[in-house]
Amino acid sequence: MSHDTHHAPVASKLDLAPERSDLGLIRPDRTTGWRDWLTTVDHKKIGVLYGAFAMLYFLIGGVEALMIRTQLIRPDNDFVTARMYNQLFTMHGTTMIFLGVMPLSA
1 MSHDTHHAPV ASKLDLAPER SDLGLIRPDR TTGWRDWLTT VDHKKIGVLY
51 GAFAMLYFLI GGVEALMIRT QLIRPDNDFV TARMYNQLFT MHGTTMIFLG
101 VMPLSA
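Position 92 (the sequence shown) corresponds to 92 in our numbering; numbering is contiguous.
1. Q71 to F79, Cα distance in whole Å?
2. Between T39 and T31, how many whole angstroms is the CB-CB distance? I'm expecting something under 8 Å.
3. When the Cα atoms are used, what is the spatial distance from G61 to A54?
4. Would you mind listing the beta strand (DSSP E) stretches within the stretch 57-102 that are 3+ residues and don't spill past its ends, in chain order?
5. Measure the alpha-carbon distance for P103 versus A82 and round it to whole angstroms.
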């Protein structure tokens, strides 16, 4: 007794896959320079940027401190107004703690 079994051809994964269009799938050229640094997803570069911007704000806080000390050099100094001095004092504390010290200690 002969069994004549005829199997249908098995489709491969490539036969079942839809036609692929390369539109929109082309990887853009790698950016270089400052664009690479500002658009990176590399955790090491992000860490460097984090520290660099913390140091920048630390420097800005230092300039604010110098402005405060300039106002306090002598009594009745008019380097900045009283209102500006209060704003400068508040911004100095905020800049140094929240934008300088905390990011550098993280």
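C-beta: ideal position from N, C-alpha, C; glycine also.
Bear in mind that the values here come from a model prediction, so they are computed numbers and not experimental data.
If we stick to the structure as given:
1. Position 71 of the sequence shown, counted from the start, is the residue given in the question as residue 71. Position 79 of the sequence shown, counted from the start, is the residue given in the question as residue 79. Looking at the two C-alpha atoms, the distance is approximately 6 Å.
2. Stepping through the sequence shown from its first residue, residue 39 is reached at position 39. Stepping through the sequence shown from its first residue, residue 31 is reached at position 31. About 6 Å; that satisfies the 8 Å criterion.
3. If you number the sequence shown from 1, residue 61 lands on position 61. If you number the sequence shown from 1, residue 54 lands on position 54. Spanning the two alpha carbons is a distance of roughly 10 Å.
4. Those beta strand (DSSP E) runs which fall completely within the stretch 57-102 and span 3+ residues do not exist here.
5. The count along the sequence shown starts at 1 and reaches residue 103 at position 103. The count along the sequence shown starts at 1 and reaches residue 82 at position 82. Using only the alpha carbons, I get a separation of about 31 Å.
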